[in-house]
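Residue numbers (the numbering used here): 698 to 737. Where is the CB? At the ideal position from N, CA and C, for every residue including glycine. None of the values given here were measured: they were computed from a predicted structure.
Structure (structure tokens):
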């Protein structure tokens, strides 16, 4: 197993994935990048 440190670019992609997943079925949330950034 290999561990690497997250970079800012990795965090941006994780945020995009989070928004895509939770704005779709079955959750249908209304996440925006700004909302995710302010909460997490």
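Inset, instruction - Quick one: grab the DSSP three-state call for residue 698. - result: Translated into positions along the chain shown, residue 698 becomes position 1. The answer is coil: DSSP assigns residue 698 none of H, G, I, E or B.
Legend entry - Under 7 Å between C-beta atoms of residue 714 and residue 733: Numbered from 1 along the chain shown, position 17 holds the residue referred to as residue 714. Numbered from 1 along the chain shown, position 36 holds the residue referred to as residue 733. In this structure, residue 733 does not lie closer than 7 Å to residue 714 by Cβ.
Legend entry - residue 713: first and last residue of the uninterrupted alpha helix (DSSP H) it sits in: Locating residue 713 in the chain shown gives position 16, where the first residue counts as 1. Counting along the chain, the alpha helix (DSSP H) containing residue 713 begins and ends at 705-719.
Legend entry - Whole-number beta carbon distance between residue 728 and residue 720, since they are thought to touch under 8 Å: In the chain shown, residue 720 corresponds to position 23, counting from 1. In the chain shown, residue 728 corresponds to position 31, counting from 1. Sure, about 5 Å apart at Cβ, within 8 Å.
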